[in-house]
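Report on one structure; see the data block that follows.
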Amino acid sequence: MAPESSNPTTPDAAKAQKAGLEDVVVGTSKICFIDGKRGRLVYRGYSIDDLQQASFEEVIHLLLYGDLPTKDQLARLKERLLSERKLPREVTSAIISMPHSGSPMAELRTAVSLAALYDPDANDNSPEANQRKAIRLIAQMPLIVACINSLRRGKDLIQPSPTLGHAANFLYMINGEVPDPRAERMFDVALTLHADHEYNASTFAARVTAATLSDIHSAITSAIGALKGPLHGGANEEVMRMLLEIPSVDDAEKTIREKFFAHKRKVPGFGHRVYKTMDPRATILKEFSRELGQRQHESKWFEMSTRIQDLIVKEKNLYPNVDFYSASLYFVMRLPIELFTPIFAVSRVVGWASHVLEQYANNRLIRPMSDYTGAGDRTVAPIEKRTPNAVL
Ligand SMILES: CC(C)(COP(=O)(O)OP(=O)(O)OC[C@H]1O[C@@H](n2cnc3c(N)ncnc32)[C@H](O)[C@@H]1OP(=O)(O)O)[C@@H](O)C(=O)NCCC(=O)NCCS
Numbered sequence: 000m001a002p003e004s005s006n007p008t009t010p011d012a013a014k015a016q017k018a019g020l021e022d023v024v025v026g027t028s029k030i031c032f033i034d035g036k037r038g039r040l041v042y043r044g045y046s047i048d049d050l051q052q053a054s055f056e057e058v059i060h061l062l063l064y065g066d067l068p069t070k071d072q073l074a075r076l077k078e079r080l081l082s083e084r085k086l087p088r089e090v091t092s093a094i095i096s097m098p099h100s101g102s103p104m105a106e107l108r109t110a111v112s113l114a115a116l117y118d119p120d121a122n123d124n125s126p127e128a129n130q131r132k133a134i135r136l137i138a139q140m141p142l143i144v145a146c147i148n149s150l151r152r153g154k155d156l157i158q159p160s161p162t163l164g165h166a167a168n169f170l171y172m173i174n175g176e177v178p179d180p181r182a183e184r185m186f187d188v189a190l191t192l193h194a195d196h197e198y199n200a201s202t203f204a205a206r207v208t209a210a211t212l213s214d215i216h217s218a219i220t221s222a223i224g225a226l227k228g229p230l231h232g233g234a235n236e237e238v239m240r241m242l243l244e245i246p247s248v249d250d251a252e253k254t255i256r257e258k259f260f261a262h263k264r265k266v267p268g269f270g271h272r273v274y275k276t277m278d279p280r281a282t283i284l285k286e287f288s289r290e291l292g293q294r295q296h297e298s299k300w301f302e303m304s305t306r307i308q309d310l311i312v313k314e315k316n317l318y319p320n321v322d323f324y325s326a327s328l329y330f331v332m333r334l335p336i337e338l339f340t341p342i343f344a345v346s347r348v349v350g351w352a353s354h355v356l357e358q359y360a361n362n363r364l365i366r367p368m369s370d371y372t373g374a375g376d377r378t379v380a381p382i383e384k385r386t387p388n389a390v391l
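Numbering of the sequence shown is given in numbering that gives the first Met the number 0, commencing with residue 0 and proceeding in unit increments.
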């Protein structure tokens with residue numbers, strides 16, 4: 000029976016439409032620009048190469064409020080972030096009672112959703128309250144991740160530092176020691192590089208939720224759920240697990256051929272919907288991975304990664320994305336692999352919040368259509384006359 004389309008698009012139009020909304024422009028934004036052919040990423044007019052000299056706090060100001068801060072504005076923002084560097088007791092208790100055997104991203108998603116109930120602005124969705132909630136979420140998410148990490152490792156909870164910056168405090172709460180300035184700087188830049196990326200899957204999920212005029216915590220919870228998937232943020236963990244399976248640098252090519260090419264499996268950390276060349280974030284992270292690997296006398300992971308890059312570029316014409324070199328960088332920073340994706344969220348929450356605020360400021364419900372390809376009209380037969388299908 001020919002399907003009867005319930006909407007006005009023709010079968011030809013449906014065929015022409017690419018799956019996964021590829022190349023489809025679904026909205027406007029003043030926050031982020033990607034040039035996928037040239038490999039450029041720009042936040043509010045500033046290239047990420049240039050933004051490497053700014054601190055993550057300056058980038059938070061840029062993404063949320065539209066401009067880089069003055070000295071006074073930066074001081075005020077830091078003060079506000081510091082004053083929100085605390086978790087509601089109920090949220091900490093809930094994390095303590097969660098099972099720690101599953102995904103930390105699931106714990107993070109649940110904790111952020113719960114934080115909505117204890118937020119002082121819980122019932123206020125005015126623009127001012129949303130700005131406050133955005134800052135609170137940015138300040139709280141590193142604490143949630145650190146809390147999850149301590150519990151999973153059976154360690155005491157580490158109290159946040161009242162003096163360290165955003166990046167250094169996070170590293171301190173994960174590793175229990177104040178990071179050396181160079182590692183702190185690299186991590187700070189890594190946070191900047193992950194902070195926004197236009198209408199990526201998780202940001203789009205956040206905007207769709209916000210566009211129903213639901214609250215900002217609901218939007219960020221949607222985004223965390225989307226980031227968790229291995230085709231999105233989850234890829235950085237898969238990259239490191241892949242590297243750990245390779246016996247030595249010289250085995251890299253053989254292992255990839257056997258474990259991935261032979262089974263037509265996708266190699267994590269390669270390919271991108273928008274970039275058709277090297278992801279500019281990967282270029283910066285690659286250099287950090289090389290430098291820190293050398294300093295820690297642990298270049299193995301970097302060298303393995305470059306061998307894999309050479310192979311995939313040559314054989315598949317695919318380039319590393321942001322998740323490829325962040326894996327070896329975070330690993331030599333002694334960050335637990337299972338935290339790689341939550342760390343992505345700790346940074347990307349800035350982009351999500353900026354997009355949610357932008358969505359609220361000029362909102363229209365996001366509600367696309369689908370081309371119906373199911374059965375044509377049918378009539379309901381009495382139950383004893385129906386034929387079973389293959390489901391049960
Ligand atoms: C990022 C990603 C989801 C983009 O997906 P997409 O735009 O839908 O591209 P597709 O999955 O349709 O891939 C297009 C082609 O390239 C191939 N390809 C894409 N990424 C690949 C990879 N990492 N390894 C091997 N082949 C890959 C696909 O198999 C497909 O080949 P085909 O046309 O012969 O079937 C995809 O490249 C991927 O899954 N990468 C690995 C996961 C990852 O690193 N995610 C993080 C993204 S920042």
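Ideal Cβ positions, reconstructed from N, Cα and C, are used throughout, including at glycine.
Since this is a predicted model, take the numbers as computed values, not measurements.
At a cut-off of 8 Å, is residue i close to ligand 1 when judged by its beta-carbon and the heavy atoms of the ligand?
i	result
P267	yes
E236	no
P341	no
H193	no
H262	no
V321	yes
F203	no
P229	yes
R108	no
K315	yes
G270	yes
G19	yes
I311	yes
F259	yes
Return the residue from the list the options that minimises the CA-CA distance to residue i.
i	options	result
S125	K263, D66, S213, D370	S213
K265	P319, S54, P178, Q295	P319
T340	K285, L243, I382, A234	A234
E302	F260, Y324, A74, R363	Y324
G19	P141, Y117, L142, N199	N199
L67	L317, H99, A53, R75	A53
E197	R363, S353, K36	S353
R280	D179, H99, V188	V188
R306	P229, H296, E106, I245	I245
N316	H271, L86, G292, L142	H271
A225	A105, K299, D71, F269	A105
K154	R135, N174, F169	N174
L243	W300, H99, Y117	W300
K70	S82, L62, E57, L63	E57
L170	V331, K384, R363	V331
Would residue i pass as a contact of residue j if the rule is Cβ separation under 9 Å?
i	j	result
F55	G164	yes
L190	S28	no
V348	I157	no
L113	V144	no
E183	A167	yes
L192	L284	yes
S288	L328	yes
A128	T220	no
G26	R43	no
G35	T282	no
W351	A222	yes
L76	I134	yes
V24	A209	no
K17	S102	no
A326	M239	yes
V207	I33	no
Any idea if residue i is buried or exposed, counting beta-carbon neighbours within 10 angstroms, 16 or more meaning buried?
i	result
M368	exposed
D22	exposed
E357	buried
D309	exposed
P7	Residue confidence is low: P7 scores 40 on pLDDT, short of 50, so the model does not pin down where it sits. No coordinate-derived value is stated.
T386	exposed
Q139	buried
A380	exposed
A204	buried
P267	buried
I382	exposed
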